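Okay, so the sequence shown: first residue is 7 according to our numbering, each after it adds one. Note that the Cβ used here is the ideal one computed from N, Cα and C, for glycine as well. Since the model is a prediction, treat every value here as computed from it, not as a measurement. Report on the following structure.
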Amino acid sequence: MIKLTKQLAQNIVDKMMGVVPYNINIMDEKGTIIGSGDRSRIGHLHHGAVAAIKEERLIIIHKSQGGAK
Numbered sequence: 007m008i009k010l011t012k013q014l015a016q017n018i019v020d021k022m023m024g025v026v027p028y029n030i031n032i033m034d035e036k037g038t039i040i041g042s043g044d045r046s047r048i049g050h051l052h053h054g055a056v057a058a059i060k061e062e063r064l065i066i067i068h069k070s071q072g073g074a075k
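Listed below in structure tokens is the structure:
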């Protein structure tokens, strides 16, 4: 498995934010946000990512569920 550094994760997010009209987050293997279009979220736990990791499945979070799409 390839492990992204925080710097590389943020560089990827910064480039993607220029073309994608939504906030983008990249999480590590524990579900902690390591790169984000909203830099205030870096270092916080992303509960959707934690659930996806534990359940080993894709989880889609919709705006109507309190998350941004």
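* To do: Could you tell me which residues DSSP pairs with THR38 in its beta bridges?
  => LEU51
* With 16 other CB atoms within 10 Å as the buried threshold, where does GLY109 fall? -> Absent from the model: residue 109. The displayed extent of the chain is 7 to 75, so no value can be given.
* Out of curiosity, what's the CA-to-CA distance linking ILE66 and ILE30? -> 13 Å
* To the nearest angstrom, how far is it from the Cα of ALA15 to the Cα of VAL56? -> 18 Å
* Near GLY37, what residues of its chain come up, given a Cβ to Cβ distance below 7 Å and the 5 sequence neighbours on each side ignored? -> LEU51, HIS52, ALA55, VAL56 and ILE59
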